[in-house]
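Student: I am attaching a structure below and will ask some questions about it afterwards.
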Amino acid sequence: EYAGNAVAFVQAAKKGVKLQVLPMRSDGVVDIESLEKALESMPSSSRSLVALTHIQTNSSIVQPAAAVGKIAQKHGAIFLLDTCQSIGQLPVNLRALGCDFA
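For the sequence shown, my numbering assigns the number 455 to the initial residue and increments by one for each residue that follows.
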């Protein structure tokens, strides 16, 4: 996750929000299986936020945002996609990606 985003998440964790950082695959792409398992393990009474940087500044890896959005929607999670590096560089359709906030 982008450092500026991570700082906000750490601050929220200090206020009692449960922060769970999921593993990435060895190629730097989000581990979809880990995301699915994490969301499946959440209590039904909790709200989940999935946050993802669409294109990582340091590696230019394009994350599979549509797959992440589909899993987030399946589990009722809010999907926040950081599109700072992708808007203007790629065609981005937030609805097609299943993104709630960008």
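Even for Gly, the Cβ is constructed at its ideal location relative to N, Cα and C. Only a predicted model underlies this, so the values are computations on that prediction, with no experimental measurement involved.
1. Between the Cα of Phe463 and the Cα atoms of Gln510, Gln539, Ala505, which residue gives the shortest distance?
2. Return helix, strand or coil for Ile515, following the three-state DSSP convention.
3. Taking the CB atoms as reference points, tell me whether Gln517 and Val484 lie closer together than 8 Å.
4. Can you list, in chain order, the residues of its chain with a C-beta nearer than 7 Å to that of Ala556? Leave out the 5 residues immediately preceding and following it.
5. My output table needs one value for Ala531: the three-state DSSP class, helix, strand or coil.
Tutor: With the structure as the only source:
1. Ala505
2. coil
3. yes
4. Leu535, Thr537, Leu548
5. coil
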